[in-house]
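**Q** Quick one: this structure, given as structure tokens, is what I'll be asking you about.
Number of protein chains: 2
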Amino acid sequence: MKIPEGMKYDEHGLLSAVVQDVNTGELLMLAFMNEEALRLTLETNIVHYYSRSRKKLWKKGETSGHIQHVKEIRLDCDQDAILIKIEQVGGACHDGYRSCFYRVVESDGSLRVDGVKVFDPNQKYNA
Amino acid sequence: MKIPEGMKYDEHGLLSAVVQDVNTGELLMLAFMNEEALRLTLETNIVHYYSRSRKKLWKKGETSGHIQHVKEIRLDCDQDAILIKIEQVGGACHDGYRSCFYRVVESDGSLRVDGVKVFDPNQKYNA
Numbered sequence: 001m002k003i004p005e006g007m008k009y010d011e012h013g014l015l016s017a018v019v020q021d022v023n024t025g026e027l028l029m030l031a032f033m034n035e036e037a038l039r040l041t042l043e044t045n046i047v048h049y050y051s052r053s054r055k056k057l058w059k060k061g062e063t064s065g066h067i068q069h070v071k072e073i074r075l076d077c078d079q080d081a082i083l084i085k086i087e088q089v090g091g092a093c094h095d096g097y098r099s100c101f102y103r104v105v106e107s108d109g110s111l112r113v114d115g116v117k118v119f120d121p122n123q124k125y126n127a
Numbered sequence: 128m129k130i131p132e133g134m135k136y137d138e139h140g141l142l143s144a145v146v147q148d149v150n151t152g153e154l155l156m157l158a159f160m161n162e163e164a165l166r167l168t169l170e171t172n173i174v175h176y177y178s179r180s181r182k183k184l185w186k187k188g189e190t191s192g193h194i195q196h197v198k199e200i201r202l203d204c205d206q207d208a209i210l211i212k213i214e215q216v217g218g219a220c221h222d223g224y225r226s227c228f229y230r231v232v233e234s235d236g237s238l239r240v241d242g243v244k245v246f247d248p249n250q251k252y253n254a
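Here is the structure:
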């Protein structure tokens with residue numbers, strides 16, 4: 001798959017990438033891509049990101065096996081965000097949950113865990 | 128609703144906010160919130176953002192009427208992204224579609240429109 005024309009990267013050369021389970025619609029994670037990560041994602045159909053904290057390209061699941069297989073890619077109106085519908089192997093979250101969004105905000109500001117745990121993060125610490 | 132402790136704003140004081148239709152699971156948009164936008168969203172149950180281009184607080188639908196009613200808020204593992212499940216009045220996208228992600232990337236890099244148009248953007252140009 002080729003990179004569409006007119007993508008708008010931010011001042012750090014990044015796009016926001018939102019990742020959704022293609023079957024259930026569950027929001028799995030939000031991360032960032034530079035042009036290389038986007039190119040590799042489109043070429044391989046395996047999701048690659050750019051890690052802002054580690055400042056490097058990051059093939060999701062490279063060490064953990066928690067690969068994300070691309071099924072559909074959508075762009076938003078501004079072309080600065082990308083929606084990737086995937087099939088997730090294992091869990092998206094390094095805390096061991098299927099989704100990174102595994103906590104609900106309660107009215108008092110506390111967080112309630114509401115997510116499916118799929119692996120022990122102490123054994124698979126590389127997301 | 129109170130702001131949870133430990134939110135992680137980026138160097139511009141912003142969080143990523145992903146917005147999903149609470150009933151259908153459709154991804155509607157991605158935008159940014161500063162602390163004030165988050166506080167107003169939690170206090171009023173109407174989604175507020177911070178516009179990076181206009182550099183100001185932005186109550187979604189203030190002029191167009193395309194209000195977003197908060198039904199659930201989730202945080203990701205890093206607390207630098209927020210998932211808001213909403214009921215959307217009208218459309219989320221200033222191009223007139225229900226979702227900003229109304230274009231699918233084809234294998235040759237071209238974009239195919241695949242979205243529900245709900246209003247004429249020439250008449251409602253303020254998202």
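Residue numbers (this note's numbering), protein chains in the order written: chain A, 1 to 127; chain B, 128 to 254.
Glycine is no exception: its CB is placed at the ideal position from the N, C-alpha and C atoms.
Because the structure is a prediction, the values reported are computed rather than measured.
Within a Cβ cutoff of 7 Å, which residues of the same chain sit near A/ASN75, ignoring the five residues on either side of it in sequence?
**A** The amino acid at residue 75 of chain A is misidentified as Asn; the sequence shows Leu. Counting only Cβ-Cβ distances below 7 Å, and skipping sequence neighbours, we find PRO4 and ILE82.
**Q** Can a CB atom of chain B be found closer than 8 Å to the CB of A/GLU87?
**A** Closer than 8 Å: no.
**Q** So within the segment 134–216 of chain B, which uninterrupted alpha helix (DSSP H) runs reach at least 4 residues, ignoring any that extend past its ends?
**A** Whole alpha helix (DSSP H) segments, 4+ residues: 162–171.
**Q** For B/CYS204 and A/LYS2, I'd like the C-alpha separation in whole angstroms.
**A** Rounded to whole angstroms, B/CYS204 to A/LYS2 spans 32 Å at the Cα level.
**Q** Per the DSSP calculation, B/VAL240 is bridged to which residue(s)?
**A** BP columns for B/VAL240 point to B/ARG230.
**Q** Determine, for B/GLU199, whether the minimum Cβ-Cβ distance to residues of chain A falls below 8 Å.
**A** Yes, its Cβ sits closer than 8 Å to a Cβ of chain A.
**Q** Once the 5 residues before and after B/ASP222 are set aside, which same chain residues still bring their CB inside 6 Å of it?
**A** Result list for B/ASP222: PRO248, in chain order.
**Q** According to the Cβ coordinates, are A/GLY65 and A/GLY91 closer than 8 Å?
**A** Contact: no.
**Q** List, in order along the chain, the chain A residues whose C-beta lies closer than 7 Å to that of B/SER178?
**A** What B/SER178 touches in chain A: nothing, since even the nearest Cβ is about 12 Å away.
**Q** Please list, in chain order, all residues of the same chain as A/ASN45 whose beta carbon is under 7 Å from its beta carbon, the five residues on each side excluded.
**A** If we look at A/ASN45 and ignore the five residues flanking it on each side, its Cβ neighbours are HIS69 and VAL70.
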